[in-house]
Each structure stands twice: as structure tokens, then as C-alpha cells.
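Peer 1: Quick one: the structure is below, questions incoming.
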Amino acid sequence: MDFTRLHDCLAADHDPLRAVVDTGLDAPVPTCPGWTVADLTRHVGEMYAHKTAAVRESVEPEPWPPEEFAEEEPRALLDRNVHGIARRVRRPCPRDPAAAWYGPDQTVGLWIGRTAQETVVHRIDAELAAGQPVAPVPDDLAVDGIDELPKAFVACSVAEWGDCFTGVPAGAPGATFLVRTDAAA
13 MDFTRLHDCL AADHDPLRAV VDTGLDAPVP TCPGWTVADL TRHVGEMYAH KTAAVRESVE
73 PEPWPPEEFA EEEPRALLDR NVHGIARRVR RPCPRDPAAA WYGPDQTVGL WIGRTAQETV
133 VHRIDAELAA GQPVAPVPDD LAVDGIDELP KAFVACSVAE WGDCFTGVPA GAPGATFLVR
193 TDAAA
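Residue 13 is where the sequence shown starts when you use the working numbering, and the numbers rise one by one after that.
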């Protein structure tokens, strides 16, 4: 997906996510068992801060998250860090270096894509927690996320950390899934 389009998707999904946060931090998040909206809000704020640091410093910050984040009110953490990621990823070229867990792509472009995907997923989590209708995901962002799953998460993770996955195939049910990306389906 185009770098500018990913940035636009991030901005478009952050605003409704932020609006839902104000409806109740104590609400449980049905798609994140054990989490409340406060936990979800903190997670997204920490994610934005992490990606900002990875781009700014070209090193993934360790340890993560910083201890002081635990003391910060979740909405304030989210608000402070969305502005940081928005500024940080807008300035550099998508091909500029940035530290990342994904070996084949150590660029700013990877992080804007990951941030846009996390934001849309957690916007949906927040809408479900608030009992609100789930806004649609733009087709191009959905396809980008579907494409990312086998390429980045499955292939890279198995190649990098194969020992962690040795038991997965043995317990897999052998199901096949069809993913359709056309709006007429």
C-alpha cells in the first residue's frame, strides 16, 4: 500500500478509536479477553510510542514499555503518542531505516503499515467494547492486512523462531479457509 494512504488510514481510524475511549474505560473488550478499554487504550498508546522510538532511534527500545507509562492515565498516553507517531512517520522517506523485528524490512514504511493495521484492529475492538456498530475497513487496508499475515507474521516468524512453532502443525485441525476480498461477496 502507498505510504501516504497508510498514514491517512492511521489518522482515519485513530479518531473514532479515540472517541470510543471516552465512552467508558471500564468496559470489557470482548475480542481481548481480560482487557478493559483502559487496557486497550494503554496498549495502543504504548504501541505508538514504541514505533516512534524505533523510527527515531533506529533501535527497538528495550526494555519495553518504560515503567513510567504505568503511571500515566491511558487517554493521556494515547493522545501524547499518536502525535509522536504521526509526526515521526510523516517526515522520513518510507525507505529510510528503522529498527524492526521483521528482518526483510527494516524501514519506516514497515512501521507505518504496522501502525495503521494495529489502529484499525483496535478501533474495531473499542467499537465492540462500546456496543457500537463496527465501521467498515477500507478494502485496500483490509487487503494489505491479509497480505501481511502470511508474508510477515507466518513466514518470517517460522523462519526466525521455528522452535516456537513445532507443536502447531501437530495440533492443527487441517481446516482450509477462503479469504475473499471483493465487496460483492
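Yeah, the Cβ is synthetic: ideal placement off N, Cα and C, and Gly gets one too.
1. Starting from the C-beta of Ala61, find all residues in its chain whose C-beta is less than 6 Å away, skip the five residues before and the five after it, and write them out in chain order.
2. Within 10 Å of its beta-carbon, does Lys63 have 16 or more other beta-carbons around it, so buried, or fewer, so exposed?
3. Tell whether a beta-carbon distance below 8 Å holds between Ser70 and Ala110.
4. Looking only at DSSP bridge pairs, what is Pro109 linked to?
5. CA-CA distance, Ala197 and Leu153?
6. Considering only their Cβ atoms, is the gap separating Val32 from Ala128 smaller than 8 Å?
7. May I ask you to list the residues that DSSP assigns as paired with Pro40?
8. For Pro75, count neighbouring C-beta atoms within 10 Å of its own C-beta (all shown protein chains included) and say buried if the count is 16 or more, exposed if not.
9. If you drop the 5 nearest sequence neighbours on each side, which residues of the same chain put their C-beta closer than 8 Å to that of Lys163?
10. Just the Cα atoms here: how many angstroms apart are Arg87 and Thr53?
11. Output the distance between the C-alpha atoms of Val41 and Ala147, rounded to the nearest integer angstrom.
Peer 2: To lay it out plainly:
1. For the purposes of this step, residue 61 is identified with residue 49 of the sequence shown, where counting begins at 1. Once the five neighbours on either side are set aside, the close Cβ partners of Ala61 are Asn93.
2. By 1-based counting over the sequence shown, the position of residue 63 is 51. Residue burial annotation: Lys63 is buried, with at least 16 other C-beta atoms found within 10 angstroms of its C-beta.
3. What you label residue 70 is simply residue 58 of the sequence shown in a count that begins at 1. What you label residue 110 is simply residue 98 of the sequence shown in a count that begins at 1. Yes, these two residues count as a Cβ contact at 8 Å.
4. Here the question's residue 109 lines up with position 97 in the sequence shown. Answer is Thr119, bridged to Pro109.
5. One-based indexing of the sequence shown puts residue 197 at position 185. One-based indexing of the sequence shown puts residue 153 at position 141. Low confidence applies to Ala197: its pLDDT is 47, below 50, so where it sits in the model is not reliable enough to give any reading.
6. Position 116 of the sequence shown, counting from 1, holds the residue named residue 128. Position 20 of the sequence shown, counting from 1, holds the residue named residue 32. Result no, Cβ atoms of Ala128 and Val32 do not sit closer than 8 Å.
7. What you label residue 40 is simply residue 28 of the sequence shown in a count that begins at 1. Answer is Thr48, bridged to Pro40.
8. Translated into positions along the sequence shown, residue 75 becomes position 63. Under this definition Pro75 is an exposed residue.
9. By 1-based counting over the sequence shown, the position of residue 163 is 151. Closer than 8 Å at the Cβ level, and outside the excluded window around Lys163, lies no residue.
10. To locate residue 87, count along the sequence shown from 1; it is residue 75. To locate residue 53, count along the sequence shown from 1; it is residue 41. About 6 Å.
11. For the purposes of this step, residue 41 is taken as residue 29 along the sequence shown, with counting starting at 1. For the purposes of this step, residue 147 is taken as residue 135 along the sequence shown, with counting starting at 1. Cα to Cα, the separation comes out at about 16 Å.
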